[in-house]
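For reference, the structure discussed in these notes is given below.
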Amino acid sequence: MKGLTTVVGVGALVLALSACGQTQTTTLPGSAPTNGIAPAGQGGSLRDVPAAQVDTSKLPQGYPARVQLDDNGAVLTVQGEEGGCEHTSAQPTAQDATAVHVLITRALAGADQVCTKELRLTQLTVQLDKPLADRKVVLEQRTVRS
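If you want it as structure tokens, here you go:
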């Protein structure tokens, strides 16, 4: 009986640890993720936005700054960091003829909660008013405590 308890306990531990490393994807309403990559618009595949077109000056040092664009050019995919009791979201805050400003918000749980310390990258999609074309993408990150 003691051996069975040990086997069940080890199995539960392995299952719990394997769930910790999974990447989460935030999707647009009515779309479904494919192969662990955030969904693109109607066009299908994603391509990297050139680094020269992405302004990361408002991101914390070392924050992931990969920005991808769907084939139609109107859906951005940006990376965020989250883990434990954190949730990350992204939304456009301003769009004009020269730039698209995207705010990545990292919401932390209250200080009284016990949370794990893992950190994972998550892909977040942002719908643009019109295709990005040659406009700059300005990324900003903010942390809030709920």
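Per mature numbering (1 follows the signal peptide of the UniProt record, and there is no 0): the sequence shown = residues -21 to -1, 1 to 125.
Each residue gets a CB set at the ideal place from its N, CA and C atoms; glycine is no exception.
Keep in mind the model is a prediction, meaning the values are calculated, not measured.
For this session: Can you give me the Cβ contacts of Ile83 inside the same chain, cut-off strictly under 6 Å, excluding the 5 residues immediately before and after it?
Result: Counting from 1 along the sequence shown, the entry for residue 83 is found at position 104. Excluding residues within five positions, the ones whose Cβ falls inside 6 Å are Gly59, Ala69 and Gln120.
For this session: Look at the alpha carbon of Leu25 and the alpha carbon of Val46, and state the distance between them as a whole number of angstroms.
Result: For the purposes of this step, residue 25 is taken as the residue at position 46 of the sequence shown. For the purposes of this step, residue 46 is taken as the residue at position 67 of the sequence shown. Leu25 and Val46 have their C-alpha atoms spaced approximately 10 Å apart.
Problem set entry | Opposing strand residues paired with Gln92 [DSSP bridges] | By 1-based counting over the sequence shown, the position of residue 92 is 113. The bridge partners DSSP lists for Gln92 come to none.
For this session: Counting only the same chain and skipping the five closest in sequence on each side, list residues whose C-beta sits under 6 Å from that of Gly62.
Result: For this step, residue 62 is matched to residue 83 along the sequence shown. The residues are Glu97, Leu98 and Arg99.
For this session: If I'm right that Val117 touches Asp34 with Cβ under 8 Å, what's the distance once you round it to whole angstroms?
Result: Your numbering for residue 117 matches position 138 in the sequence shown. Your numbering for residue 34 matches position 55 in the sequence shown. Contact between Val117 and Asp34 holds, with the beta-carbon distance rounding to 4 Å and staying under 8 Å.
Exercise. What residue range is occupied by the uninterrupted beta strand (DSSP E) comprising Arg45?
Worked result: The residue given as residue 45 occupies position 66 in the sequence shown. No residue range can be given for Arg45, since it is assigned to no beta strand (DSSP E) and is classified by DSSP as neither H nor E.
Problem set entry | Residues that DSSP places opposite Leu118 in a beta bridge | Counted from its first residue, the sequence shown places residue 118 at position 139. The partner list for Leu118 (beta bridge, DSSP) reads Val81.
Problem set entry | Asp49 to Gln32 span [Cα, whole Å] | Mapped onto the sequence shown, residue 49 falls at position 70. Mapped onto the sequence shown, residue 32 falls at position 53. Taking the straight line joining both Cα atoms gives about 15 Å.
For this session: Using beta-carbon positions only, say whether Leu55 and Leu107 come within less than 8 Å of one another.
Result: Numbered from 1 along the sequence shown, position 76 holds the residue referred to as residue 55. Numbered from 1 along the sequence shown, position 128 holds the residue referred to as residue 107. A contact, by the Cβ cut-off of 8 Å.
Problem set entry | The beta strand (DSSP E) enclosing Ala69, as first and last residue numbers | Locating residue 69 in the sequence shown gives position 90, counting from the first residue. Looking at the DSSP string, the run of the beta strand (DSSP E) that includes Ala69 is Glu65 to Gln74.
Exercise. Is the beta carbon of Cys94 sitting closer than 8 Å to the one on Ala88?
Worked result: By 1-based counting over the sequence shown, the position of residue 94 is 115. By 1-based counting over the sequence shown, the position of residue 88 is 109. Annotated as proximal: Cys94 and Ala88, with beta-carbon spacing under 8 Å.
Problem set entry | Extent of the continuous beta strand (DSSP E) to which Leu25 belongs | By one-based count along the sequence shown, residue 25 stands at place 46. DSSP places Leu25 in the uninterrupted beta strand (DSSP E) bounded by Leu25 to Asp27.
Problem set entry | Proximity winner among Arg124, Gln74 and Tyr42, relative to Gln92 (alpha-carbon distances) | Here residue 92 corresponds to residue number 113 of the sequence shown, with the count starting at 1. Among Arg124, Gln74 and Tyr42, the Cα nearest to that of Gln92 belongs to Arg124.
Exercise. Is Ala30 helix, strand or coil when you go by DSSP?
Worked result: Taking the sequence shown and counting its residues from 1, the one referred to as residue 30 is at position 51. When DSSP states are grouped into helix, strand and coil, Ala30 belongs to the helix group.
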